[in-house]
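Student: Following my numbering, the numbering of the sequence shown begins with 474 at its first residue and continues without gaps. Every residue gets a Cβ at the ideal spot worked out from N, C-alpha and C, and that includes glycine. All values derive from a computational prediction rather than experimental measurement.
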Amino acid sequence: MKTARRQRSSRPAPPGLRGRSRFGTAKARELAELRARLAQAEETLRAIRSGEVDAVVVAGKHGPQVFTLQGAEHVYRLLIESMNEGALTLTAQKMILYANKCFARMVKCPLEQVIGSSFRRFLSAEDRATFRPLLKRAGKSGSKTQVLLNVADGSQMPVQVSIRPLPKNDFNRATIAVVVTDMTEARRNEEMLRGLSYRLVQAQEAERSRVALELHDHITQLLCAILVRSQALADQLPARDAVSKGEAMKLREMLGQTAEEVERISRDLRPSVLDELGLVAVVRDTSTGFAERTGISLKLACVQLTARLPADTELALYRILQEALRNVEEHAHARHVAVCLRQQDAFIQLVVKDDGIGFDPAHRPARRKGKTGLGLLSMRERVNYVGGALNVKSVRRAGTEIEARIPLPLKAPK
Ligand SMILES: Nc1ncnc2c1ncn2[C@@H]1O[C@H](COP(=O)(O)OP(=O)(O)O)[C@@H](O)[C@H]1O
Ligand SMILES: [Mg+2]
474 MKTARRQRSS
484 RPAPPGLRGR
494 SRFGTAKARE
504 LAELRARLAQ
514 AEETLRAIRS
524 GEVDAVVVAG
534 KHGPQVFTLQ
544 GAEHVYRLLI
554 ESMNEGALTL
564 TAQKMILYAN
574 KCFARMVKCP
584 LEQVIGSSFR
594 RFLSAEDRAT
604 FRPLLKRAGK
614 SGSKTQVLLN
624 VADGSQMPVQ
634 VSIRPLPKND
644 FNRATIAVVV
654 TDMTEARRNE
664 EMLRGLSYRL
674 VQAQEAERSR
684 VALELHDHIT
694 QLLCAILVRS
704 QALADQLPAR
714 DAVSKGEAMK
724 LREMLGQTAE
734 EVERISRDLR
744 PSVLDELGLV
754 AVVRDTSTGF
764 AERTGISLKL
774 ACVQLTARLP
784 ADTELALYRI
794 LQEALRNVEE
804 HAHARHVAVC
814 LRQQDAFIQL
824 VVKDDGIGFD
834 PAHRPARRKG
844 KTGLGLLSMR
854 ERVNYVGGAL
864 NVKSVRRAGT
874 EIEARIPLPL
884 KAPK
């Protein structure tokens, strides 16, 4: 491996200059030395451009500075050159000292134009501003971020940049190692997955609506008809047949309870009150129903919304409330629950807080009897579709708080 390093020339003086005066000989020697240094400098430059050397000389504010790629043995260079990721080293001023061919291919720029230029040149305007604090934060342990890379053909490539400061070199210069991973495929897959799960949720909602309608229109109607008949039967039975009359009355009562339960299931599947009266009404209904059914005390603080929210947002918040309350009922062993719906600036916020046993949100619960919990996951998915965020705070023996924050559409100027 070659090293770009100054060397004193040992070439003899050209023959035409021999036998001159001492002064002339000294000049001739100086000239020859300069020529030799020029030739060596040209060779160094060529080697730097072709990436053969492991040291480069960079013109800086305080004269030329030497940077070396420490330990860059030939095999390591081969390894880095064969990587499917861009690999670079930068000066503290973010100038590119070394780049592998893969990075040059990514930015569609000849390697000799990449080396020596500023790394900022390859970042989108937005990312340029965030890169400096990121480098600072990288400190000793390094950091990772996703940025957009400017490609020479005018396009942009989503990449992950992994940054790690390198130990100071022989010349006490700080350098930074950067690995650049193309995220185009990963982003495409992510978008595909997001689209797919959005369609799944849409299909699930459509199916729920269909079943809710079937239950409401057919089963409940049928149950009501049987209820009326059983009442008639109980009325017709003579008073002396007390046992049969009692049985008929019990049957009528059970049918009434069944009709109510079917109606509740239908409402949970798709509450008509959500479509007809909106979010606040359905939040009130659901909360009251929960407290009555479970006996857990529920405190509700609900904003008065002046207008209907986008249908997707209303449905997402309703489903989050439903899932959160279901979790309180199934897991929390809580005595009190607080539900709060409020509007803050350009956001609508729903908080469901209980004083139950809590859990560790960072710990993914193991599969239980082949069943994986989807409640928290589906809450997060739903909130993501509408551009919001879900925050789960839970402490063992201290309770759980689920917060959904969804941005509201900007009001059109009048
Ligand atoms: N309010 C809560 N109180 C205590 N534990 C909870 C609460 N909400 C969720 N959990 C825990 O988180 C797990 C995952 O919840 P979830 O994703 O809704 O799935 P599932 O309810 O089907 O188990 C639950 O099994 C439970 O251990
Ligand atoms: Mg659940």
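Within 10 angstroms of its Cβ, does K826 collect 16 or more other Cβ (buried), or is it exposed?
Tutor: Here residue 826 refers to the residue found at position 353 when the sequence shown is read from its first residue. With 16 or more Cβ atoms within 10 Å of its Cβ, K826 is classed as buried.
Student: What residues are listed by DSSP as bridge partners for Q817?
Tutor: On the sequence shown, position 344 is the one that residue 817 refers to. Beta-bridge pairing links Q817 to F820.
Student: Locate the alpha helix (DSSP H) running through V580, then write down its first and last residues.
Tutor: Walking along the sequence shown from the start, residue 580 turns up at place 107. Taken as a continuous stretch (DSSP letters only), V580 belongs to no alpha helix (DSSP H), as it is neither H nor E.
Student: Cα separation between E433 and G719?
Tutor: Outside the displayed range of the chain (474 to 887) lies residue 433, so it cannot be described from this structure.
Student: As a quick exercise: from P744, L639, A862, pick the residue whose alpha carbon is nearest that of L434.
Tutor: Past the edges of the chain, shown from 474 to 887, lies residue 434, and the structure says nothing about it.
Student: Where L639 and I649 are concerned, what is the direct C-alpha to C-alpha distance, given to the nearest angstrom?
Tutor: For the purposes of this step, residue 639 is taken as the residue at position 166 of the sequence shown. For the purposes of this step, residue 649 is taken as the residue at position 176 of the sequence shown. Distance between the alpha carbons of L639 and I649: 5 Å.
Student: Verify the contact flag: D827, CB atom, against every heavy atom of ligand 1, threshold strictly below 7 Å.
Tutor: Residue 827 sits at position 354 when you count from the first residue of the sequence shown. Yes, the beta carbon of D827 sits closer than 7 Å to at least one heavy atom of ligand 1.
Student: Smallest Cα separation from H806: which of L782, Q816, A780, T767?
Tutor: For the purposes of this step, residue 806 is identified with residue 333 of the sequence shown, where counting begins at 1. It is T767.
Student: Nearest to L695 by alpha carbon, out of R660, A647, V735?
Tutor: For the purposes of this step, residue 695 is taken as the residue at position 222 of the sequence shown. If we check each option's Cα against that of L695, V735 comes out closest.
Student: Can you tell me where the alpha helix (DSSP H) holding E720 begins and where it ends?
Tutor: Counting from one through the sequence shown, the residue named residue 720 turns up at place 247. 715 to 742 is the span of the alpha helix (DSSP H), which, as asked, contains E720.
Student: Is the region 619 to 634 touching the region 648 to 664, taking contact as three or more C-beta pairs under 8 Å?
Tutor: Cβ pair count under 8 Å is three or more, so yes.
Student: What are the boundary residues of the beta strand (DSSP E) that includes Q709?
Tutor: Walking along the sequence shown from the start, residue 709 turns up at place 236. Not the beta strand (DSSP E): Q709 falls in the alpha helix (DSSP H), residues 694 to 709.
Student: Cutting at 7 Å between CB atoms, please list the residues of its own chain near A732, excluding the five before and the five after it.
Tutor: As a position in the sequence shown, residue 732 is number 259, starting the count at 1. Cβ neighbours of A732 beyond the five flanking positions: T693, L696, C697, L700.
Student: Where do the N-terminal and C-terminal ends of the beta strand (DSSP E) with A862 fall, by residue?
Tutor: Against the sequence shown, residue 862 aligns to sequence position 389. Residues 862 to 868.
Student: Please go through the same chain and pick out, in chain order, the residues whose beta-carbon is closer than 8 Å to the beta-carbon of R594, but skip the five residues on each side of it.
Tutor: Here residue 594 corresponds to residue number 121 of the sequence shown, with the count starting at 1. Correct list, in chain order: N623.
Student: Which word fits K641, buried or exposed, when buried means at least 16 other C-beta atoms lie within 10 angstroms of its C-beta?
Tutor: Within the sequence shown, the letter at position 168 stands for residue 641. Counting Cβ neighbours within 10 Å, K641 comes out exposed, since fewer than 16 surround it.
Student: Closest to L790 by CA distance: which of L673, G829, G860 is it?
Tutor: The count along the sequence shown starts at 1 and reaches residue 790 at position 317. The option with the nearest alpha carbon to L790 is G860.
Student: Where does L608 fall in DSSP's three states?
Tutor: Translated into the one-based positions of the sequence shown, residue 608 becomes position 135. Helix at L608.
Student: Taking 7 Å as the limit between beta carbons, can you name the residues of its chain near L771, skipping five residues before and five after?
Tutor: Along the sequence shown, read from residue 1 onward, the residue named residue 771 stands at position 298. Correct list, in chain order: S760, F763, A764, V810, V812.
Student: Identify which residue in G872, I821, V580, V674 has its Cα closest to the Cα of A780.
Tutor: Against the sequence shown, residue 780 aligns to sequence position 307. The shortest Cα separation from A780 among G872, I821, V580, V674 belongs to I821.
Student: Run the proximity test for G860: is its beta-carbon closer than 7 Å to any non-hydrogen atom belonging to ligand 1?
Tutor: Translated into the one-based positions of the sequence shown, residue 860 becomes position 387. It does not: the Cβ of G860 is nowhere closer than 7 Å to a heavy atom of ligand 1.
Student: How about Q803: is its Cβ closer than 7 Å to a heavy atom in ligand 2?
Tutor: For the purposes of this step, residue 803 is identified with residue 330 of the sequence shown, where counting begins at 1. The sequence as given places Glu at residue 803; Gln does not occur at that position. It does: the Cβ of E803 is within 7 Å (strictly closer) of some heavy atom of ligand 2.
Student: What's the C-alpha gap between C575 and E599?
Tutor: Stepping through the sequence shown from its first residue, residue 575 is reached at position 102. Stepping through the sequence shown from its first residue, residue 599 is reached at position 126. If I take the Cα positions, the gap works out to 24 Å.
Student: Pairs of beta-carbons, one from the region 668 to 683 and one from the region 579 to 592, closer than 8 Å: are there three or more?
Tutor: They do not touch, by the three-pair rule.
Student: Should T603 be labelled buried (16 or more other beta-carbon atoms within 10 Å of its own) or exposed?
Tutor: Residue mapping note: residue 603 aligns to position 130 of the sequence shown, counting from 1. By the neighbour-count rule (16 or more Cβ atoms within 10 Å), T603 is not buried but exposed.
Student: Give, in chain order, every unbroken run of the alpha helix (DSSP H) that is at least 4 residues long and sits entirely within the region 627 to 699.
Tutor: Taking only runs of at least 4 residues, the alpha helix (DSSP H) segments lying wholly in the region 627 to 699 are 657 to 687.
Student: What separation, rounded to the nearest whole angstrom, lies between the Cα atoms of E876 and L847?
Tutor: What you label residue 876 is simply residue 403 of the sequence shown in a count that begins at 1. What you label residue 847 is simply residue 374 of the sequence shown in a count that begins at 1. Distance between the alpha carbons of E876 and L847 is about 17 Å.
Student: Please tell me whether, using a cut-off of 7 Å, the distance from the CB of G796 to the nearest non-hydrogen atom of ligand 2 is below it.
Tutor: As a working note, residue 796 is residue 323 in the sequence shown. The question names Gly, yet the displayed sequence has Glu at residue 796. The answer is yes for E796.
Student: Grab the span of the alpha helix (DSSP H) containing I793 for me, first residue to last.
Tutor: By one-based count along the sequence shown, residue 793 stands at place 320. Where I793 is concerned, the enclosing alpha helix (DSSP H) stretches over 784 to 800.
Student: Would you mind giving the Cβ-Cβ distance between I636 and V651, rounded to the nearest angstrom? I have them listed as a contact below 8 Å.
Tutor: Taking the first residue of the sequence shown as 1, we reach residue 636 at position 163. Taking the first residue of the sequence shown as 1, we reach residue 651 at position 178. Indeed, because the Cβ distance is near 5 Å, the residues count as touching under 8 Å.
Student: Counting along the chain, where does the beta strand (DSSP E) carrying N623 start and finish?
Tutor: Walking along the sequence shown from the start, residue 623 turns up at place 150. Note, N623: beta strand (DSSP E), 616 to 623.
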